[in-house]
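See below for the structure under consideration.
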Amino acid sequence: MDRLRAGHVAIIDGKFVYFCNVACKLAFHEGRRSLMPDDVETMVPPRVAVAMPRIPKSAPLPDVDVLEIEPTYSSVDVAPHTLRSGTPSPARSVPVTEARASTQASWVFAATGIAASALTPISALFGASAGHVRVGLVLVAGLCVSARTFAAGPDAARSLLEVAPPLVALGASMSAEIRGESLATSLTLFAAAMQGVWLVVAMVEQRARESLRKARKAREVSLPEQVRVVRGTVVEHVLTIDLRDGDVVRVSAGEVLGVDGTVIAGSATALGWPFATSRVTKAPGELLFAGARVFEGEIDIAATTVASHLGEEDSLFVRRLLQFVAMWSPVLSILVGAVVRLNSGSWELGFAVAAAVLMTLQCKGFLLAARQLVFSISRRAEEAGIRFRDIVSYEYLGRVDACAFSARGVVYAGLPEVTEVHAFGGGTEEKVLQLAAAVAGYADETIHQGLERALKGRGLPRETVRGVRSSTTGAISALDEAAQRIVFGTRSQLVEEKLSVAIADEIATAHEEQARTVFLVALGDRVIGSLVLQSVLRPEVRSAVRSLIDLHVEPILMSEDPADAVAALARGLGITHVRADLPARARANAVRDLATAGRTVAVVGLSKRDAEPMLAAHAAIALDAAGSAPWAATLATTDMRVAVQAISLPRNLREQLPRALLVSLFPPLVALGLATFDLVHLALVPLATLAGLGTALLYARAEPQGAANPSRPAT
C-alpha cells in the first residue's frame, strides 16, 4: 500500500475503499447521495517497517523462533498521523496472539498425553476392561503427540524423523494388540513410555529454548535506532541500519555508540566495550565496540561495522552430528530392528526396538546441552571484550597448539626508552641520536616514537636526510646532506649490509643479555655509535604465557630484535621457542613454516604492525581492534590474558561437547543393551533417555571450566 496515501483508506458498507486524494473522497460521497460526516475517522497510516541490514555469510545467525518475533518499526514516523486518524489498528498483534494460543495448545496436548501415558501402567486395575482402557490411553497419548506437533505451527513443526519413534512404537503395539500377540501388553507399556517421554522431552526442549532466548535477549546490547552522522558541516540524524563503512558518527556524553569504529576527533571518557567494568579515556586513533557508553566528552567515530553483534551458531561438531543423525540413524535403527526380528520372530518387537534406537540416536539431551554451553561461553567472551568472526574461526581457535606473538606491541607496553647512547671513532652522542631518529621513520613505529621522544627530551633538532628506504635485511638506510650513506639497524642487520660491527660487540652483548635492544648507526662504511633501548614488560604477560603452557599451547616469541636480547626476554617469560631478527615478512614466512609442519598456529598481534604474520596464521587474534576485519577474534583490549581466553574458551567448548554427548547417551545405551538381551523391560529405554537429558542439562549448566575473566585493563 502506498504509505503516502494510506490516510485515504476507509471502510464503507463493509468494503475497503481507496481514495487517491481528499477531492476524490468527497466526489465519491456526493455520488452516493448521502455525504458521510466530516468527522468519520479513516484508518491509521501504517508505519513502514525498516529493512534489516544484510548479514554477511560469515556472520552467525541468532536462534530465534519466527512465531515470537514482533514487527520492529523505526521510531521515525515516515508517514505521520493525519488529523482524521483514529486509534491504531490491533491487526499487528494478531500473529503474536496466535503464537501464544498455539503455545498454550501445545502445552495442553503435552500435559494430556503425559497423563495418559502415566495412567497406562495402572490400567490393570480396571479388571476385565483393562485391555480396552490400556489401548485407549495409548491412543490418546498418540493423538496428543500428533496434535502437539501440528499445534506448534508450520515454522516449528518437527520433522517426520523426530516424530517417528513414538508413532512407530504406537503402530507396533496396536498391531500386537489386534493380533493378540503375547507381547501385546509389554509393547503397549513400551509405547506409552515412549510417547510420554517424547512429550516430556518436547516440553523441556521448548522450555529450554525459551529460557535461552530470554537469557540471550537480556544479554543483548541495546543499540540506538538513530545516530548523528557528520556530513561536511551538517549533522544529520540517520538510522543505524542505514550507516555505511566510513560514515562519521558523533557521540556525546550519555549516548551509546551504535557502531564499531575508530575515534578520529575529540576525546571522551567511555566504556571500551558494553560489558567493561572500568572507564577509559578514548583519544583519536583508538577503537570502541558497538554498545559502548560515553560518560563525558564528545567524539567523532569512523564507522567500521554497523550494528554488529555476537550471535551463536551450532558448532561444527554439532552440525556433523546432526548430519549423521539425519543420514544414518534410520539405517542403524532398521538394522538393529531387523536383527531383533530374526532372533525373536516378532515383527512388532523389531519395530519397537528400532523406535527405541531411533529415539536414542536423536541425542536430544546433547543438543540442548550444546546450545547451553555455546551460550555460556559466548557470554564469557562478551564480558571479556572478545568477538569471534564466525564459527569456523571459533573452531580453529579451539584446535590451536601453537601461539606466536611479537615482542613489540604485545609483550612490551608503551614506547621504549633510550637509556644509553655511545659514540665511536670521534663522533658525538648527539649526532648518533639525531641520525638514528632521522632514519628510524621506516623502522618499527614504537622505536621511531621512542627515539623522537629522546630527541625532544635533549632539545636536539632533527637531522636532515634524504632517500630513506628499508632494505630486505630490515636495516634502514639514507643519505645525509653530504651524500654519505647512513645505516640504522641491529648488529645482524648491519653485518648483512657488509659493515663491520666489531667496535660495538662488547657493549651490545652486555646489554642484550639483559633483554635490552641495541641499535647501531653507521655513517659511510663504519659504525659511529650505538643506542640502548629499554622497554617495559606488560605485567600480565607472564601469567598469560603460563596459561598458554597449561593449555598445552606452545608460546612462540617472534621479534625483529637481536637474538641475544630476545633469548634473554624469553628466558624471563619461560618461553623456549624463539624466532629473532625477523622483520614482518620474515615473521609471516615463519608462521607459514609452522603451519606446513602440521601445527595449528594462532598469531596474537596489533593489526597495524603484525598484519602479515596474522594473515599467514590459521587464526589471528587482533588486540585493541574493532570492525569487520579478517581476524578470527577481535579484542577490545591489549591484555594478553584476554587473548589467551580467545583460545581457551573455544578449546573449552571443544572439550566439553564430547563429554556432554557421552553423558546424554550413556544411560539410554546401557538400557538399550540390557533390553536387547531381555534383562530389563524395553520401556526402560525411553526412561533412560529422559535421564540422559537431565544429566546433560545439569552438566551444561555447571560453570564451564577454563580461564577466569582477567581484571580488565584501562587500555
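Residue numbers for the sequence shown follow my numbering, beginning at 301 and rising by one.
Ideal Cβ positions, reconstructed from N, Cα and C, are used throughout, including at glycine.
Just so you know, these numbers come straight off a predicted model, no measurement behind them.
Which whole-angstrom value is the C-beta distance of residue i and residue j, which I expect to be below 8 Å?
i, j, result
"GLU729", "ALA723", "5 Å"
"THR660", "LEU972", "6 Å"
"GLN495", "GLY442", "6 Å"
"LEU733", "VAL721", "5 Å"
"LEU993", "SER964", "7 Å"
"GLU763", "ALA738", "4 Å"
"VAL534", "ASP547", "No, VAL534 and ASP547 are not in contact; Cβ-Cβ is about 13 Å, not under 8 Å."
"SER693", "ALA932", "4 Å"
"ALA652", "PHE490", "6 Å"
Pull the bridge partners of residue i from the DSSP assignment, please.
i, result
"PRO855", "CYS703"
"PHE688", "ALA933"
"ARG579", "LEU571"
"SER777", "ARG769, VAL787"
"GLY597", "ALA568"
"THR562", "LEU587, ALA602"
"ALA531", "Looking at the sequence shown, residue 531 is not Ala but Arg. Answer is VAL534."
"LEU833", "VAL718, THR817"
"GLY905", "ALA922"
"HIS877", "ILE856"
"GLN526", "LEU539"
"TYR712", "LEU837"
"LEU823", "ILE786, ARG826"
"SER552", "GLU598"
"ALA410", "Per DSSP, none; premise fails for ALA410."
Please determine, among the options, the residue with the shortest C-alpha to C-alpha distance to residue i.
i, options, result
"GLU596", "THR581, LEU588, LEU982, ALA602", "THR581"
"ILE947", "VAL440, GLU598, CYS703", "CYS703"
"LEU820", "GLY566, LEU794, GLU840", "LEU794"
"SER567", "GLY558, LEU588, THR577", "LEU588"
"VAL435", "GLY471, SER406, VAL408", "GLY471"
"PHE575", "SER475, ALA975, ARG679", "ARG679"
"LEU894", "MET914, ARG954, GLU840", "MET914"
"PRO524", "ASP542, ARG941, THR934, ARG954", "ASP542"
"VAL445", "PRO883, LEU419, GLY413", "GLY413"
"PRO839", "THR938, VAL768, ILE776, ARG791", "THR938"
"GLN662", "LEU998, ALA1002, ARG1001, THR989", "THR989"
"LEU869", "ASP780, ALA707, ALA783, GLU745", "ALA707"
"VAL625", "LEU461, GLU598, GLY767", "LEU461"
"PRO881", "MET858, SER482, ARG871", "The sequence as given places Asp at residue 881; Pro does not occur at that position. Per the Cα distances, MET858."
"ARG1001", "ARG550, ILE677, THR577, GLN526", "ILE677"
"THR577", "LEU979, ALA592, ALA491, VAL970", "ALA592"
"ALA808", "GLU745, PHE666, ASP861, PHE617", "ASP861"
"ARG941", "ARG753, LEU962, LEU848", "LEU848"
"ALA754", "LEU437, ARG766, GLN834", "GLN834"
"PHE705", "VAL497, VAL841, VAL408", "VAL841"
"ALA430", "ALA484, ALA493, ARG689", "ALA484"
"ALA917", "ARG871, ARG892, VAL832", "ARG892"
Classify residue i as buried or exposed, calling it buried when 16 or more other Cβ atoms lie within 10 Å of its own Cβ.
i, result
"THR404", "According to the sequence provided, residue 404 is Gln. The question's Thr does not apply to it. Its Cβ having fewer than 16 others within 10 Å, GLN404 is exposed."
"LYS798", "exposed"
"GLY789", "buried"
"GLY898", "exposed"
"LEU957", "buried"
"GLN945", "buried"
"MET627", "exposed"
"PRO1013", "With a pLDDT of only 43 at PRO1013, under 50, the local geometry of the prediction cannot be trusted, and the value read off the model is given with reservation. Buried is the call here."
"ARG687", "buried"
"ASP850", "exposed"
"ARG392", "Because ARG392 carries a pLDDT of 38, less than 50, the predicted location of this residue cannot be relied on, and the following value inherits that uncertainty. Its Cβ having fewer than 16 others within 10 Å, ARG392 is exposed."
"GLU806", "exposed"
"SER800", "exposed"
"ALA410", "buried"
"ALA996", "buried"
"LEU998", "exposed"
"PRO930", "exposed"
"LEU1018", "Residue 1018 cannot be examined here, being either before or after the span of the chain that is shown, 301 to 1015."
Looking at the ligand FMN, does it come within less than 8 Å of residue i, judged from the CB to the closest heavy atom?
i, result
"ALA936", "In the structure shown, the ligand FMN is absent, as is every other ligand, since no ligand is present at all."
For the segment 902 to 922 and the segment 881 to 892, state whether three or more C-beta atom pairs, one from each stretch, are separated by less than 8 Å. yes
Determine contact between the segment 820 to 828 and the segment 744 to 760, defined as no fewer than three beta-carbon pairs at a distance below 8 Å. no
Decide if the segment 917 to 925 is in contact with the segment 671 to 683; the criterion is three or more beta carbon pairs, one per stretch, under 8 Å apart. no
Does the segment 694 to 710 touch the segment 629 to 645, meaning 3 or more C-beta pairs lie closer than 8 Å? Because the criterion of three Cβ pairs below 8 Å is not met, the segment 629 to 645 and the segment 694 to 710 do not touch.
contact_flag[the segment 494 to 502, the segment 511 to 529] where n(CB pairs < 8 Å) is 3 or more: no
Quick test of the definition: if touching needs 3 or more C-beta pairs under 8 Å, does the segment 804 to 820 touch the segment 852 to 872? yes
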